[in-house]
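K.L.:
Chains A and B, in that order, are what the protein sequence lines are.
Using the UniProt record's numbering, the letters of the first sequence correspond one by one to residues 1 to 206.
Using the UniProt record's numbering, the letters of the second sequence correspond one by one to residues 1 to 206.
Glycine included, each C-beta is placed from N, C-alpha and C at the ideal position.
No experiment lies behind these values; they were computed from the predicted model shown.
Protein chains: 2
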Amino acid sequence: MSPLKPGRGRRRAEDVRRAAVAAATELLFEEGIRNVTFEKVAARAGVSKVTLYKWWPSPGSLAFEGYFGALEDVLSFPDTGDLRADLTTQLHAFVALLQRRGGVVAEIIGAAQSDPELAAALSAQYVRPRRDLAVDRLAAARRAGQIRPDVDLETIVDQLWGACYHRLLMPAEPLSTAFTDRLLDNLLRGITPDGPHRDEPSAPTD
Amino acid sequence: MSPLKPGRGRRRAEDVRRAAVAAATELLFEEGIRNVTFEKVAARAGVSKVTLYKWWPSPGSLAFEGYFGALEDVLSFPDTGDLRADLTTQLHAFVALLQRRGGVVAEIIGAAQSDPELAAALSAQYVRPRRDLAVDRLAAARRAGQIRPDVDLETIVDQLWGACYHRLLMPAEPLSTAFTDRLLDNLLRGITPDGPHRDEPSAPTD
Numbered sequence: 001m002s003p004l005k006p007g008r009g010r011r012r013a014e015d016v017r018r019a020a021v022a023a024a025t026e027l028l029f030e031e032g033i034r035n036v037t038f039e040k041v042a043a044r045a046g047v048s049k050v051t052l053y054k055w056w057p058s059p060g061s062l063a064f065e066g067y068f069g070a071l072e073d074v075l076s077f078p079d080t081g082d083l084r085a086d087l088t089t090q091l092h093a094f095v096a097l098l099q100r101r102g103g104v105v106a107e108i109i110g111a112a113q114s115d116p117e118l119a120a121a122l123s124a125q126y127v128r129p130r131r132d133l134a135v136d137r138l139a140a141a142r143r144a145g146q147i148r149p150d151v152d153l154e155t156i157v158d159q160l161w162g163a164c165y166h167r168l169l170m171p172a173e174p175l176s177t178a179f180t181d182r183l184l185d186n187l188l189r190g191i192t193p194d195g196p197h198r199d200e201p202s203a204p205t206d
Numbered sequence: 001m002s003p004l005k006p007g008r009g010r011r012r013a014e015d016v017r018r019a020a021v022a023a024a025t026e027l028l029f030e031e032g033i034r035n036v037t038f039e040k041v042a043a044r045a046g047v048s049k050v051t052l053y054k055w056w057p058s059p060g061s062l063a064f065e066g067y068f069g070a071l072e073d074v075l076s077f078p079d080t081g082d083l084r085a086d087l088t089t090q091l092h093a094f095v096a097l098l099q100r101r102g103g104v105v106a107e108i109i110g111a112a113q114s115d116p117e118l119a120a121a122l123s124a125q126y127v128r129p130r131r132d133l134a135v136d137r138l139a140a141a142r143r144a145g146q147i148r149p150d151v152d153l154e155t156i157v158d159q160l161w162g163a164c165y166h167r168l169l170m171p172a173e174p175l176s177t178a179f180t181d182r183l184l185d186n187l188l189r190g191i192t193p194d195g196p197h198r199d200e201p202s203a204p205t206d
């Protein structure tokens, strides 16, 4: 990606970048986001602080870049053609991650609420790309006739993964694979007794 | 609002409490949660800082108590017997509030991710009671035969209000009444073409 600068005894920009991201990721998982400072990352990665300031608007955005890279494989979207099975696989992996690393995830999202630069990094490097991957998988299901043509796919993202983030950030009920199975069941079947394509829910009196 | 206690020259505890909460709420809406300090609340409410320290574990939890009180009326759950209409009314009011005060809401939830005392206050004074109110309304609908008996009502809360918080805290797509209408439609009808009570979604090839 970064063009090589041969000789001179200087590390390639790409190597420096990678070392900085790796150091920030380690610090993040070991000590939490508040301890990811340019000072500490520079020392651990053997790079200059000036370089870090040049490439990242804040230590938080650097930490976040590392974090996102670390998650990418865990959170891939399978496509076996079976929508329910594939979403179950992905949501179970997602919950397992939140059970293990949820503290760091919550901390990052929390910090982003009062740090516009971190918020911008979170949005560009995580929220938007993750939504797009989910919507791609859902669009394939819609093309295969497994989702009604009039359903807005972005809304489904909020009702599956967004519902999990809700339990992470505003905890009250358990965040478990049983929960994600219920999320999926509610959406695929609907929660009313009488099925889809009705404009009004049934309303018998009791 | 605060009844006067005659004689003695001392305000009743209840009055002092109410004055402190009112001052904290004003500060919160005027200046954001970071500017709600015991110092400023004490000055504005005319109460001693010692009293504030005695009653609230942190300025954040005091601010949050005021915030929750201010929202209670706006976010009530109507029960006209028509589930879709009632949820639509409530979700539209909720979105209107987030559109107007979403910055403060996001800031409070964000701060709670790294402030255990604020997290405890948020949970006890907001998350749990709000969930309970929603579940009460949903339970009435289930008794009226409008929701299948096997559906977990807590899960619905995450798929309606939780989905809205997702768009607030991890912004990417608009948080609008059109969005909450789609949330409701997805859940009430289900997103698959073939209706409920099927174990497998339909999977025609195309």
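Below 9 Å on C-beta distance, what does residue 173/B contact in chain C?
P.N.:
The structure shown contains no chain C; its protein chains are A and B.
K.L.:
How do the region 59-70 of chain B and the region 117-128 of chain B stand: do at least 3 beta-carbon pairs fall below 8 Å, yes or no?
P.N.:
Touching, yes.
K.L.:
Can you pull the chain A neighbours of residue 182/B, defined as C-beta to C-beta under 7 Å?
P.N.:
Sequence index remark: in the second sequence, residue 182/B carries index 182 (1-based). Neighbours of residue 182/B on chain A, chain order: 152 and 155.
K.L.:
May I ask you to report which of helix, strand or coil DSSP gives residue 60/A?
P.N.:
For the purposes of this step, residue 60/A is identified with residue 60 of the first sequence, where counting begins at 1. Residue state, collapsed to three classes: helix.
K.L.:
Indicate whether at least one CB of chain A lies closer than 7 Å to the CB of residue 113/B.
P.N.:
One-based indexing of the second sequence puts residue 113/B at position 113. Yes, its Cβ sits closer than 7 Å to a Cβ of chain A.
K.L.:
Please give me, in chain order, every unbroken run of the alpha helix (DSSP H) with length at least 4 that falls completely inside the region 5-39 of chain A.
P.N.:
13-31
K.L.:
Please compile the residues from chain A whose C-beta is within a distance smaller than 7 Å of the C-beta of residue 193/B.
P.N.:
As a working mapping, residue 193/B is identified with position 193 in the second sequence. Those are 145 and 148, listed as they occur along chain A.
K.L.:
Secondary structure at residue 190/A, three-state DSSP: helix, strand or coil?
P.N.:
On the first sequence, position 190 is the one that residue 190/A refers to. DSSP places residue 190/A in coil when its eight states are reduced to three.
K.L.:
Three or more C-beta pairs closer than 8 Å, one from the region 102-122 of chain B and one from the region 33-48 of chain B: is that the case here?
P.N.:
A contact between stretches requires three or more CB pairs, one per stretch, nearer than 8 Å, and the region 102-122 of chain B meets this requirement with the region 33-48 of chain B.
K.L.:
Of all the CB atoms in chain B, is at least one closer than 7 Å to the CB of residue 135/A?
P.N.:
As a position in the first sequence, residue 135/A is number 135, starting the count at 1. So, not an interface residue.
K.L.:
Would you say residue 107/A faces chain B, with C-beta separation under 7 Å as the test?
P.N.:
Counting from one through the first sequence, the residue named residue 107/A turns up at place 107. Residue 107/A counts as touching chain B.
K.L.:
Using three-state DSSP, classify residue 118/B as helix, strand or coil.
P.N.:
The residue given as residue 118/B occupies position 118 in the second sequence. Residue 118/B falls in the helix class under three-state DSSP.
K.L.:
Just reading off the alpha helix (DSSP H) that residue 94/A is part of, what are its end residues?
P.N.:
Counted from its first residue, the first sequence places residue 94/A at position 94. Element bounds for residue 94/A: 83-112.
K.L.:
Buried or exposed: which applies to residue 165/B, given that a residue is buried once 16 or more other Cβ atoms fall within 10 Å of its Cβ?
P.N.:
Residue numbering aside, residue 165/B sits at position 165 when the second sequence is read from its first letter. Buried.
K.L.:
With distances taken from CA atoms, which of 85/B, 104/B and 49/B is nearest residue 27/B?
P.N.:
By one-based count along the second sequence, residue 27/B stands at place 27. Looking at the Cα atoms, 104/B is the closest of the given residues.
K.L.:
Given that residue 187/B touches chain A, what residues does it touch there, using C-beta distances under 9 Å?
P.N.:
Counted from its first residue, the second sequence places residue 187/B at position 187. Residues of chain A passing the Cβ test: 159, 186, 187, 190, 191 and 192.
K.L.:
Since residue 51/B is in the alpha helix (DSSP H), which residue starts that stretch and which ends it?
P.N.:
Mapped onto the second sequence, residue 51/B falls at position 51. It spans 49-55 - the alpha helix (DSSP H) in which residue 51/B sits, taken as one unbroken run.
K.L.:
Which whole-angstrom value is the C-beta distance of residue 188/B and residue 81/A, which I expect to be below 8 Å?
P.N.:
Numbered from 1 along the second sequence, position 188 holds the residue referred to as residue 188/B. Numbered from 1 along the first sequence, position 81 holds the residue referred to as residue 81/A. So it is not a contact: roughly 27 Å between Cβ atoms.
K.L.:
Do we get a CB-CB distance below 7 Å when we pair residue 47/A with the residues of chain B?
P.N.:
The count along the first sequence starts at 1 and reaches residue 47/A at position 47. Not an interface residue.
K.L.:
Give me the Cβ distance between residue 134/B and residue 77/B, rounded to the nearest whole Å; I'm assuming they're in contact under 8 Å.
P.N.:
Position 134 of the second sequence holds residue 134/B. Position 77 of the second sequence holds residue 77/B. That belief holds up - the Cβ atoms of residue 134/B and residue 77/B are roughly 7 Å apart, short of 8 Å.
K.L.:
By DSSP, does residue 181/A sit in helix, in strand, or in coil?
P.N.:
Within the first sequence, the letter at position 181 stands for residue 181/A. Residue 181/A: helix per DSSP, three-state reduction.
K.L.:
Nearest chain B C-beta to residue 162/A closer than 7 Å, yes or no?
P.N.:
Mapped onto the first sequence, residue 162/A falls at position 162. At least one chain B Cβ lies under 7 Å of residue 162/A.
K.L.:
Starting from residue 136/B, trace the alpha helix (DSSP H) in both directions and tell me its first and last residue.
P.N.:
Reading the second sequence from its first residue, position 136 is the one you call residue 136/B. That run of the alpha helix (DSSP H) goes 128-143.
K.L.:
Given a cut-off of 7 Å on the beta-carbon distance, is the pair residue 49/B and residue 38/B in contact?
P.N.:
Counted from its first residue, the second sequence places residue 49/B at position 49. Counted from its first residue, the second sequence places residue 38/B at position 38. Result yes, Cβ atoms of residue 49/B and residue 38/B sit closer than 7 Å.
K.L.:
From what residue to what residue does the alpha helix (DSSP H) around residue 158/B run?
P.N.:
Here the question's residue 158/B lines up with position 158 in the second sequence. Per DSSP, residue 158/B belongs to the alpha helix (DSSP H) from 153-169.
K.L.:
Given that residue 179/A touches chain B, what residues does it touch there, using C-beta distances under 9 Å?
P.N.:
Along the first sequence, one-based indexing puts residue 179/A at 179. What residue 179/A touches in chain B: 152, 154, 155 and 158.
K.L.:
What does a CB cutoff of less than 6 Å around residue 205/A pick up in its chain, not counting 5 residues either side in sequence?
P.N.:
As a first step, residue 205/A must be located in the first sequence, where it is residue number 205. Residue confidence for residue 205/A is low, a pLDDT of 41 falling below 50, so the modelled location carries little weight and cannot support an answer.
K.L.:
Leaving out the 5 sequence neighbours to the left and right, which residues in its chain are closer than 7 Å to residue 40/B when beta-carbon positions are compared?
P.N.:
By 1-based counting over the second sequence, the position of residue 40/B is 40. Within the same chain, residue 40/B has close Cβ partners 27.
K.L.:
Residue 62/A versus chain B: which residues are under 8 Å apart at the beta carbon?
P.N.:
Mapped onto the first sequence, residue 62/A falls at position 62. None at all; the shortest Cβ gap to chain B is about 18 Å.
K.L.:
Taking Cβ-Cβ distances shorter than 8 Å, what residues in chain B pair up with residue 110/A?
P.N.:
The residue labelled residue 110/A in the question sits at position 110 within the first sequence. Those within 8 Å of residue 110/A in chain B are 109, 110, 111, 112, 113 and 114.
K.L.:
Closest by CA to residue 192/A, which one among 182/B, 128/B and 151/B?
P.N.:
Start at 1 with the first residue of the first sequence, and residue 192/A comes out as number 192. For the residues 182/B, 128/B and 151/B, the minimum Cα distance to residue 192/A belongs to 151/B.
K.L.:
In angstroms, rounded to a whole number, what distance separates the CA positions of residue 170/B and residue 162/B?
P.N.:
Working through the second sequence from its first residue, we reach residue 170/B at position 170. Working through the second sequence from its first residue, we reach residue 162/B at position 162. Answer to the nearest angstrom: the Cα atoms are 12 Å apart.
K.L.:
Around the C-beta of residue 59/A, are 16 or more other C-beta atoms found within 10 angstroms, so that it is buried, or is it exposed?
P.N.:
On the first sequence, position 59 is the one that residue 59/A refers to. By the neighbour-count rule (16 or more Cβ atoms within 10 Å), residue 59/A is buried.
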